[in-house]
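**Student:** Under my numbering, the first residue of the sequence shown is numbered 40, with each subsequent residue one higher. Quick reminder that beta carbons are idealized off the backbone N, C-alpha and C, glycines included.
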Amino acid sequence: MNTETFKLIENYMLSCMGDSAHDKDHIYRVLYNALDIASTEQNLDYDVLICACLLHDIGRKEQFENPSLCHAQVGGEKAYQFLLDNNFSNDFADKVKHCIVTHRFRQNNPPQTLEAKILFDADKIDATGTLGIARTLFYKGNVCEPLYSLLPNGRVSDGTNDERPSFFQEYKYKLEKLYSRFYTARGNEIAKERWKTAVSFYEDMKREVSDSYDKGMDLLNKIIQ
40 MNTETFKLIE NYMLSCMGDS AHDKDHIYRV LYNALDIAST EQNLDYDVLI
90 CACLLHDIGR KEQFENPSLC HAQVGGEKAY QFLLDNNFSN DFADKVKHCI
140 VTHRFRQNNP PQTLEAKILF DADKIDATGT LGIARTLFYK GNVCEPLYSL
190 LPNGRVSDGT NDERPSFFQE YKYKLEKLYS RFYTARGNEI AKERWKTAVS
240 FYEDMKREVS DSYDKGMDLL NKIIQ
């Protein structure tokens with residue numbers, strides 16, 4: 040891929056960015072993660088990989104405005120049309136679209152090609168460790184979702200089997216499960232290096248919040264008759 044082509048794709052990506060938890064800095068981290076992983080693999084198409092990394096989140100704005108939409112599906116269609124409009128081949132556009140459509144953790148649509156598997160891993164790496172925690176908290180704040188939910192008895196839910204959106208629920212539903220979902224050896228290696236810090240952050244926050252509620256409610260019940 041030459042510089043002119045890279046800039047064409049990059050500029051289109053920049054025009055689509057909006058959600059600050061999935062901003063341009065996230066895109067570049069995913070691209071760099073992907074290149075790290077790709078350096079340990081063979082027989083891959085770097086042009087497809089780089090293009091897919093740059094465009095993988097261009098459907099975020101539509102999903103943010105309408106949560107019933109899937110940003111991976113929207114982004115795949117947008118990328119496909121953009122590439123055709125700019126004289127890329129149908130085959131190239133199809134390969135990029137597949138990478139984008141299959142990169143989402145929440146979908147039961149696993150990646151099939153090596154480039155798609157690398158993008159999946161590179162994107163998920165950005166949700167691991169302290170960086171993943173920070174991005175999740177940032178996103179939850181943007182959409183006005185709480186850190187935690189309460190159980191019927193007034194105690195703090197740790198997020199397990201909780202359908203109400205919160206940081207704790209997101210950790211148990213997604214962040215905790217990420218570490219067994221990597222397709223490449225290098226992706227798995229990077230994720231495992233970051234695992235302990237994510238677990239420690241969640242456990243510390245859960246303990247601090249739960250201690251506050253448990254002790255406070257017990258004390259209040261002794262005072263209020």
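#1: Quick one: which unbroken alpha helix (DSSP H) runs of 4-plus residues sit fully inside the region 153 to 221? Chain order, please.
#2: What is the DSSP secondary structure of Arg143, reduced to helix, strand or coil?
#3: Look up Leu108 in the DSSP assignment and say whether it is helix, strand or coil.
#4: Taking the alpha helix (DSSP H) that Ser54 belongs to, which residues open and close that run?
#5: For Asn72, which residues in the same chain have their Cβ closer than 6 angstroms to its Cβ, ignoring the five residues on either side in sequence?
#6: Quick check: the region 191 to 201 against the region 129 to 140, are at least 3 beta-carbon pairs closer than 8 angstroms?
#7: How big is the Cα-Cα spacing for Phe206 and Lys245?
#8: Looking at the structure shown, is Thr223 part of a helix, part of a strand, or coil, going by DSSP?
#9: Would you call the region 107 to 115 and the region 86 to 98 touching, i.e. three or more CB-CB distances under 8 angstroms?
#10: For Glu101, I'd like the list of residues in its chain whose CB is within less than 6 angstroms of its CB, leaving aside the five on either flank, ordered along the chain.
#11: Can you tell which of His65, Lys179, Asn200, Leu53 has its C-alpha closest to the C-alpha of Ala118?
#12: What is the rounded straight-line gap between the Cα of Ile66 and the Cα of Leu88?
#13: Quick check: the Cα distance between Tyr218 and Ile262, rounded to an integer number of angstroms?
#14: Where does His137 sit, in a helix, a strand or coil, going by DSSP?
#15: Since Ile76 and Thr223 should fall inside the 8 angstroms C-beta cutoff, what is the C-beta to C-beta distance between them, to a whole number of angstroms?
#16: From Glu184 to Pro204, what distance separates their C-alpha atoms?
**Tutor:** Based on what the coordinates show:
#1: 153 to 164, 168 to 181, 206 to 212
#2: coil
#3: DSSP places Leu108 in coil when its eight states are reduced to three.
#4: 42 to 55
#5: Scanning its chain for C-beta atoms nearer than 6 angstroms, with the 5 sequence neighbours on each side dropped, one finds around Asn72 the residues Ala161, Ile164, in chain order.
#6: Touching, no.
#7: 10 angstroms
#8: coil
#9: yes
#10: Leu108, Val113
#11: Leu53
#12: 13 angstroms
#13: When rounded, the distance between both Cα atoms is 45 angstroms.
#14: helix
#15: 5 angstroms
#16: 6 angstroms
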